[in-house]
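Participant:
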DNA sequence: AATGAATGAGACTTCATTCAT
DNA sequence: TATGAATGAAGTCTCATTCAT
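Residue numbers (my numbering), protein chains in the order written: chain A, 511 to 729; chain B, 511 to 729; chain C, 511 to 729; chain D, 511 to 729.
See below:
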């Protein structure tokens, strides 16, 4: 009898204690992670919609359903939110680009890269919109911008070599046209809904194929 | 004698000050026009450089060498400066596009249009930069943006017809590729110095020609 | 066997957690006392270093190695921490002043009081620094300040009587000079390292002796 | 007749113009000067009363009868107000200390310096209160503090030489006592109304005289 | 036409304090 | 007893805009 009582007591006590004791480190860490993501996600949405300067911390907090103070519990400043968004997003984006296998591009790899680029843009339209607007209005971020650009240069070399291997008489010129096509397609996809992106992708790839085949023909 | 001269001087001075006389009115109107242009020019420079929100009226006034009060004498608000810049610039830009002669595009006219587009971009890079950044950070201007786009639609029809007349089997697809090329070239010219614009123009025109000739070949 | 040990362990643990048992109560009381002291000690250090307003509860909690919430478990407010520091420290300080034996000061007792004063200052420089800065920036504490001052008035009377008994022709004037000397020495000791405190003490005591002997001589 | 009319017109016009034309540079400069002084005076009062941190810009603006914004038109930050107060006041104070005539102190000059010191403290009690509190709670201002202290060192040398010339057997010790007396008197004058300052000054000077005469006697 | 002092709304940020766990 | 996420009031500061001159 006494035994049962003791057990009961222990149980009750342990329940009591569980309630009164602070959350575990894991729980806190989980809360922090989720809240940070919530804030960044909300901020990205507003930044992309209205621009960085036109978005106030109050708006972010309100839309995220938290107090302004809490946002500052997670980020030192509004600027830091922006920086973390750029960093996190660009990390996520660039982890998908990995074509530096052997330094040589096969036909397959080349078209894979093109398609990957379209995917990249299409899936992160909101981010790219923000990214563009930020680059346009902030001089502070120039270094970050450079580093993002520099990550692409190896790809350029690969493509140039690929064009040469395909018999291009004017590899630089062809690359200029191809990158202009990709740039144009990106801008169209990011900033307007004028063309359906699948159709655009199809036509652009066809155009690139024609450029490559033209070279062969002419040779 | 000396007395009269002095009086005369005074009189002249008072005329200068006087607003009523017809000649002064013209002069003042001229001054007003020049001041307005000065303010808009200065504002455009700062807006393009630092963004609309990051540019203060104080900065504009200081850089223009006038007082803040005077700026408000010419414009009702900072926003109005922006709007007038956009309006004035776009007017100036679009007055150059006037291909609605007979509804039919000759080869000459088509390439003239392409070249004109390059000129248009190249000569107003600062404006286009501002324009892009403004469109990116302000929802207020969406209507204005639409109206700018709509002005281009007649051109689209003309080009489409032209492509058909050139034997294009896929006029919509070809137009998509051509406008993508122009869009991409614009963005490259506006936002980077990576390619020299003359070279870019040459390559893009060549690419467009190839698209057109390809059609013929296939037919 | 192992099972029992485990059970035992559990039991022991549950005892530890249990608040009711007499021994634990004492232990917890001890813990509370230590924690309070830790918080006050930490706060005093930061307050004296950076000022009351410039020190945040976060800083105190972090430096003390506890959570903010716990600090509020021991003190109702940041202000209360300050008040308790002032109270506790002043109690500790004043408990050393106890010359109200018979209402008469002997030579020995007088110089003991002077030396005690130097000790008092020297051993609690940090506290006095805080005390001064707090008195300087808070009007709220004025009453407390008064009460601290009032505790000293009996001492004043004693000294005045002592000076008279030593044949002072101007006891109030002499007391003014002596207290000015002590005040000056206190300030120098608290706020600068310009003079070594032992030397300062020696010179001040010598000066006081001269004041007293001067009186005798003149009489 | 016409002549008179013209004159009249001119007068009227000039009045009109006078009313409408902006203030002259001199007028603006005068306004600025007065407003700055008003703000600094108000801030000094509040800083000295409640401490720097406990005083908000709102309080300053309200008490000065201006908007917060205007205060920032004259000072870049709250800190700058403090710095200008310290600088302006200390300049004003130190311009009165100028005893470096020939490097030698006569009796007259010595007592003049003592009296001057009392005057200096007495007339600027509010400033010295602020100054002390600022030194106590701000680490940033340490350099400024040093420079204020260093301005006094030549005076120290002069006094030391003076004491030697007066036959002091222990010039350093005597100086220690004298500066302790002055320090103590300063603190008493600044922070309490316990003694009337004239009486205090009299007694302190008498005490110093006794120190000097004592030396002679002993020699 | 022109000035710049002045305002006030609102931005970013901090921090004492509370509260669920 | 102990945690730290969360709040909200208040603080510093900026800036578009107004207004007397």
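Backbone N, C-alpha and C fix where the C-beta goes; we use that ideal spot for every residue, glycine too.
Where residue 548 of chain B and residue 586 of chain D are concerned, what is the direct C-alpha to C-alpha distance, given to the nearest angstrom?
Facilitator: 29 angstroms
Participant: Would you mind working out which of C:636, C:603, C:535 sits nearest residue 552 of chain C, comparing C-alpha positions?
Facilitator: When only C-alpha atoms are compared, the closest one is C:636.
Participant: Report, in whole angstroms, the separation of the C-beta atoms of residue 698 of chain D and residue 690 of chain C, which I expect to be a contact under 8 angstroms.
Facilitator: With 8 angstroms as the limit, residue 698 of chain D and residue 690 of chain C qualify as a contact, their Cβ atoms being about 6 angstroms apart.
Participant: Does the beta carbon of residue 715 of chain D sit closer than 8 angstroms to a beta carbon anywhere in chain C?
Facilitator: no
Participant: Examine the Cβ distances between the segment 540–547 of chain B and the segment 572–586 of chain B and report whether three or more of them are shorter than 8 angstroms.
Facilitator: yes
Participant: Sorted by chain position, which residues of the same chain lie with C-beta nearer than 6 angstroms to residue 681 of chain B's C-beta, five sequence neighbours on each side aside?
Facilitator: 670, 673, 674
Participant: Does the Cβ-Cβ distance between residue 596 of chain A and residue 557 of chain A come in under 8 angstroms?
Facilitator: no
Participant: Nearest to residue 604 of chain A by alpha carbon, out of A:660, A:711, A:693, A:676?
Facilitator: A:660
Participant: Taking the straight line between their C-alpha atoms, what separation do you get for residue 717 of chain B and residue 565 of chain B?
Facilitator: 41 angstroms
Participant: Hey, is residue 528 of chain D's beta-carbon within less than 8 angstroms of any beta-carbon in chain C?
Facilitator: Reliability fails at residue 528 of chain D, whose pLDDT of 46 lies under 50, so the model's placement of it is uncertain and no value is given.
Participant: Whole-angstrom Cβ separation of residue 714 of chain D and residue 642 of chain D, contact assumed at under 8 angstroms?
Facilitator: The Cβ separation is near 20 angstroms, so there is no contact.
Participant: Mind listing, in chain order, the continuous beta strand (DSSP E) runs of no fewer than 3 residues lying wholly within the segment 632–718 of chain D?
Facilitator: none
Participant: Taking C-beta pairs closer than 8 angstroms, name the residues in chain B that residue 643 of chain A reaches, listed in chain order.
Facilitator: 643, 646, 647
Participant: What is the C-beta distance between residue 627 of chain C and residue 692 of chain C, in whole angstroms, given that I count them as a contact (C-beta under 8 angstroms)?
Facilitator: 6 angstroms
Participant: Work out the CA separation of residue 570 of chain A and residue 590 of chain A for me, nearest whole Å.
Facilitator: 14 angstroms
Participant: Classify residue 613 of chain B as buried or exposed, calling it buried when 16 or more other Cβ atoms lie within 10 Å of its own Cβ.
Facilitator: exposed
Participant: If you measure from the beta carbon of residue 621 of chain C to each beta carbon in chain D, is any gap under 8 angstroms?
Facilitator: no
Participant: Rounded to a whole number of angstroms, what is the C-alpha to C-alpha distance between residue 541 of chain B and residue 555 of chain B?
Facilitator: About 21 angstroms.
Participant: Does chain B have any CB closer than 8 angstroms to the CB of residue 699 of chain A?
Facilitator: no
Participant: Who are the neighbours of residue 710 of chain B on chain A, taking C-beta pairs under 8 angstroms?
Facilitator: By Cβ distance, chain A contributes 686, 690.
Participant: Give the DSSP-derived three-state secondary structure of residue 731 of chain D in the structure shown.
Facilitator: Outside the shown range of chain D, which is 511 to 729, sits residue 731 of chain D, and nothing can be said about it.
Participant: Check each candidate in B:580, B:679, B:622, B:632 and name the one with the smallest Cα separation from residue 665 of chain B.
Facilitator: B:622
Participant: What would DSSP say about residue 554 of chain C, mapped onto helix, strand or coil?
Facilitator: helix
Participant: By the DSSP assignment, the alpha helix (DSSP H) with residue 616 of chain A in it spans what residues?
Facilitator: Element bounds for residue 616 of chain A: n/a, residue is neither H nor E.
Participant: For residue 553 of chain D, decide whether its Cβ has a neighbour in chain C, counting only Cβ atoms nearer than 8 angstroms.
Facilitator: Interface annotation, residue 553 of chain D: not in contact with chain C, CB-CB separation never under 8 angstroms.
Participant: On a CA-only basis, which of B:576, B:537, B:538 is nearest residue 734 of chain B? Give me that one, please.
Facilitator: Only positions 511 to 729 of chain B appear in this structure, which leaves residue 734 of chain B out of reach.
Participant: Thinking C-alpha only, which one of C:631, C:574, C:685 is nearest residue 620 of chain C?
Facilitator: C:685
Participant: Pull up the distance between the alpha-carbon of residue 646 of chain A and that of residue 640 of chain B, whole angstroms please.
Facilitator: 8 angstroms
Participant: Do you know offhand how far residue 724 of chain D's Cα is from residue 600 of chain C's?
Facilitator: 39 angstroms
Participant: To the nearest angstrom, how far is it from the Cα of residue 702 of chain A to the Cα of residue 644 of chain B?
Facilitator: 15 angstroms
Participant: Just to confirm the assignment, what range does the alpha helix (DSSP H) spanning residue 569 of chain C have?
Facilitator: 567–574
Participant: Determine whether the beta carbon atoms of residue 624 of chain D and residue 696 of chain D lie at a separation below 8 angstroms.
Facilitator: no
Participant: With H, G and I counted as helix, E and B as strand and the rest as coil, what does DSSP make of residue 535 of chain C?
Facilitator: helix
Participant: Cβ of residue 564 of chain A less than 8 angstroms from any chain B Cβ?
Facilitator: Yes, its Cβ sits closer than 8 angstroms to a Cβ of chain B.
Participant: Nearest to residue 617 of chain C by alpha carbon, out of C:573, C:707, C:633, C:677?
Facilitator: C:677
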